[in-house]
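In the working numbering, the protein residues as written are 68 to 311. Here a beta-carbon is modelled for each residue, glycine too, at the ideal position from N, C-alpha and C. Below is one structure, written out as structure tokens, with a few remarks after it.
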């Protein structure tokens, strides 16, 4: 039967000699025998055990858990629970890392849209991204509320083209105009803007905000705090920004 030294078993399992010695000190990989010179010698069974330990460590299972597992007479049910717990931990870690990646990506996109960048701009981005969920909810409300108007509009156009009946378009217009007024007021009452110069959150007057040039995240406005005129970052406006 083959016998392996500490160095040989370390090489076969792709780990360091110190790792093998550490597992020995933790009593999870005890050598089958010692040579006359006191060298540790490992059997084929020890090699299989070492490979199992390495596999479980690669899966992220702790040394303590591995030790408890290998001491069980029937480890099948235990390892199933351990792997399930480890899977949950890894999935949570993936979600956290994904959220961080999305945050970094969002910061990079915001930086590209800024004309002048400063340290305070990071605070502006953090504030806007903190309110991103509320902004998404606001956009969802507008989208859902506009579906009936859109259906009426396209139905009216199709009827006009197909049958020559035009009065449904009048009905659509009578509904669309008050809806447009309501949705604009609803929206601008709930959003605010971050000035890239003074970094304060302000609310412009309705007329200026309605007619201003804009992108999905920026709107060209005059800051009510410092008088800056240019593109400002749109954010949810229910709360006031806390400085310091």
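Q.
Going by C-alpha to C-alpha distance, which of 167, 124, 291 and 295 sits closest to residue 81?
A. The residue given as residue 81 occupies position 14 in the chain shown. Residue 124 is the option with its Cα nearest to residue 81.
(Q) Buried or exposed, going by whether 16 or more other CB atoms sit within 10 Å of the CB of residue 286? (A) Position 219 of the chain shown, counted from the start, is the residue given in the question as residue 286. Flag for residue 286 reads buried.
Q | Cutoff 7 Å; reference residue 307; Cβ partners in own chain excluding five residues on either side | A | Within the chain shown, residue 307 is the residue found at index 240, counting from 1. The predicted model places residue 307 with a pLDDT of 44, which falls under 50 and marks its position as unreliable, so this point remains unresolved.
Q. When the distance is taken between beta carbons, is residue 145 closer than 7 Å to residue 156?
A. Along the chain shown, read from residue 1 onward, the residue named residue 156 stands at position 89. Along the chain shown, read from residue 1 onward, the residue named residue 145 stands at position 78. Contact: no.
Q. With a cut-off of 7 Å, does the C-beta of residue 94 fall near any C-beta of chain D?
A. Going by chain labels, chain D is absent from the structure shown, which holds only one protein chain.
**Q.** residue 98 vs residue 107 beta-carbon contact at 7 Å
**A.** To locate residue 98, count along the chain shown from 1; it is residue 31. To locate residue 107, count along the chain shown from 1; it is residue 40. Yes, the Cβ-Cβ distance between residue 98 and residue 107 is below 7 Å.
Q: Just mark residue 290 as buried or exposed, buried being the case when its beta carbon has 16 or more other beta carbons within 10 Å.
A: Taking the first residue of the chain shown as 1, we reach residue 290 at position 223. The residue in question, residue 290, is buried, as its Cβ has 16 or more Cβ neighbours within 10 Å.
**Q.** Short Cβ contact (7 Å threshold) for residue 202 with residue 173
**A.** Indexing the chain shown from 1 puts residue 202 at position 135. Indexing the chain shown from 1 puts residue 173 at position 106. Cβ distance not < 7 Å, so residue 202 and residue 173 don't count as in contact.
Q: Sort 158, 149, 151 and 198 by Cα distance to residue 170 and report the nearest one.
A: As a position in the chain shown, residue 170 is number 103, starting the count at 1. Nearest C-alpha to residue 170: 198.
Q) If you draw a straight line from the alpha carbon of residue 70 to that of residue 115, how long is it in whole angstroms? A) Start at 1 with the first residue of the chain shown, and residue 70 comes out as number 3. Start at 1 with the first residue of the chain shown, and residue 115 comes out as number 48. The alpha-carbon atoms of residue 70 and residue 115 are separated by roughly 12 Å.
Q: Quick one: using the 10 Å Cβ neighbour count with 16 as the cut-off for buried, is residue 294 buried or exposed?
A: For the purposes of this step, residue 294 is taken as the residue at position 227 of the chain shown. Per the 10 Å Cβ criterion, exposed.
**Q.** Reference residue 264; option with closest CA among 300, 100 and 283
**A.** Taking the first residue of the chain shown as 1, we reach residue 264 at position 197. It is 300 whose Cα lies nearest to the Cα of residue 264.
Q.
Could you tell me the alpha carbon to alpha carbon distance between residue 149 and residue 132, rounded to whole angstroms?
A. Against the chain shown, residue 149 aligns to sequence position 82. Against the chain shown, residue 132 aligns to sequence position 65. Cα to Cα, residue 149 sits roughly 8 Å from residue 132.
Q. Apart from the five residues just before and just after residue 261, which ones in its own chain have a Cβ nearer than 7 Å to its Cβ?
A. By 1-based counting over the chain shown, the position of residue 261 is 194. Correct list, in chain order: 191, 194, 195, 268, 299, 300 and 302.
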